[in-house]
Ligand SMILES: NC(=O)c1ccc[n+]([C@@H]2O[C@H](COP(=O)([O-])OP(=O)(O)OC[C@H]3O[C@@H](n4cnc5c(N)ncnc54)[C@H](OP(=O)(O)O)[C@@H]3O)[C@@H](O)[C@H]2O)c1
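In this note's numbering, the protein residues as written are 1 to 332.
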């Protein structure tokens, strides 16, 4: 099959070429990929930034989101059949959606929302599962709570704003001047233009902050949280608890404990909790997300779509860090 893969780690690596078709296990569903989307994670995987946490072998087909059609199912698969239109963030150990075919454990799959086309559907899984796991699973956001979502114009932010509003929260977000109006239109109650304003001076008494930016933003976020609030970070630093959940070595656990000791200490001083979230594949959660999308509660936000041949360009585009919503790639 045709796929975009790397044969070693490196910033510029990756080529479109032929690789063997995937092996389909008894719990796997073989999917013809129609569309995929790009996440900053793809670039981090290709540079090797995640090699201690995710030890891949080569050739490694990149890609963490898919929408497509079921071709064949393993003998133990119960919930899917050939012809079903599905979408998924495959489990992190077996990624590879920048490809014509992928075998995915059925536990990660859900039926694609009927009201989305393939590219729209491929824009959802990783980013929305991240928002879901942060706001529903960890924060358990309640009606009337105040939630700050950093980088509201990004792939995760555009969906997290909509989800937080659906949960009944008062939502603030940060973005740059040019994005303020359309991010407001996604439902944010307050939009902080980070080019002109300092969010830490503008916001007070928040219950939850979802951070996906750097260490300075993470630390300043403590100032806007009220006692008992929750600081959830997607961009690190990771914690020993994460190392344990991930089954990493004791040594890595200690390294992560050390990396996060500063922010954990400051969080304790402010009387708030600190959680590092590394999102996980989850077909059951994705099926609930399908219902929200079909009910019209959540809408995908797509910046640009690239053809399969331009995968390297799509990666470069996302690496610039200026995407407005998601960037998709059409495979079929
Ligand atoms: N831990 C996890 O499980 C997990 C899951 C998903 C994502 N992530 C991480 O979370 C981060 C965001 O992911 P993403 O997919 O949303 O990325 P993205 O779509 O590439 O984010 C781009 C957006 O970030 C905004 N942005 C950049 N700097 C900003 C700043 N200082 N303040 C406010 N907004 C800013 C940009 O808006 P402007 O152009 O207006 O600056 C742009 O719209 C990435 O680092 C990703 O790796 C982690």
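Where is the CB? At the ideal position from N, CA and C, for every residue including glycine.
Do you know whose CA, among 224, 139, 64 and 162, lies nearest residue 204's CA?
-> Residue 204 has its Cα closest to that of 224, out of 224, 139, 64 and 162.
Where does residue 174 sit, in a helix, a strand or coil, going by DSSP?
-> Strand, per DSSP.
Are the beta-carbon atoms of residue 169 and residue 146 separated by less than 8 Å?
-> Yes. Within cutoff.
Spell out a yes or no on whether the region 47 to 58 and the region 120 to 139 are touching, meaning 3 or more CB-CB pairs, one atom from each, closer than 8 Å.
-> The region 47 to 58, when compared against the region 120 to 139, does not touch it at the 8 Å Cβ threshold.
Below 8 Å CB to CB, which residues in the same chain sit around residue 100 once its five sequence neighbours on both sides are set aside?
-> 1, 2, 3, 32, 33, 331 and 332.
Identify every run of the beta strand (DSSP E) within the region 45 to 133, keeping only runs that are complete inside it and at least 3 residues long; order them along the chain.
-> With a minimum length of 3 residues, the continuous beta strand (DSSP E) runs that stay inside the region 45 to 133 are 66 to 73, 85 to 88, 101 to 105 and 109 to 111.
Rounded to the nearest angstrom, how far is the Cβ of residue 62 from that of residue 84, given a contact under 8 Å?
-> Not a contact, Cβ separation roughly 25 Å.
Residue 39 by DSSP, collapsed to three states: which one?
-> DSSP, reduced to helix, strand and coil, places residue 39 outside both helices and strands of the structure shown, so it counts as coil.
Do you know whose CA, among 139, 317 and 65, lies nearest residue 338's CA?
-> With the chain covering only 1 through 332, there is no way to say anything about residue 338.
Decide if residue 21 is buried, meaning its Cβ has at least 16 other Cβ atoms within 10 Å, or exposed.
-> Under this definition residue 21 is an exposed residue.
With a CB to CB cut of under 8 Å and the five nearest residues on each side skipped, what residues in its chain are close to residue 51?
-> The answer, listed in chain order, is 9.
With which residues is residue 161 paired in a DSSP beta bridge?
-> Answer by DSSP bridge pairing: none, since residue 161 is not bridged.
Does the beta carbon of residue 44 fall short of 7 Å from some heavy atom of ligand 1?
-> Using a cutoff of 7 Å, the CB of residue 44 counts as near ligand 1, since one of the ligand's heavy atoms is closer than that.
Coarse secondary structure for residue 254, derived from DSSP in three states | Residue 254 falls in the helix class under three-state DSSP.
Rounded separation between residue 79 and residue 219 - CA only = C-alpha separation (whole angstroms): 44 Å.
Coil, strand or helix - residue 279 by DSSP | Three-state result, residue 279: coil.
Secondary structure of residue 274, DSSP reduced to three states = Here residue 274 sits in strand by DSSP.
Express the C-alpha separation of residue 153 and residue 189 in angstroms, rounding to a whole number.
-> Their backbone Cα atoms lie some 14 Å apart in a straight line.
Which same chain residues, not among the five before or five after residue 180, have their C-beta less than 8 Å away from its C-beta?
-> Closer than 8 Å at Cβ, skipping near neighbours: 191 and 193.
Could you check where the beta strand (DSSP E) with residue 233 kicks off and where it finishes?
-> Its beta strand (DSSP E) spans residues 225 to 233.
Report all residues from its chain with a CB closer than 6 Å to the CB of residue 75; omit the five preceding and five following residues, and keep chain order.
-> Cβ within range, chain order: 26.
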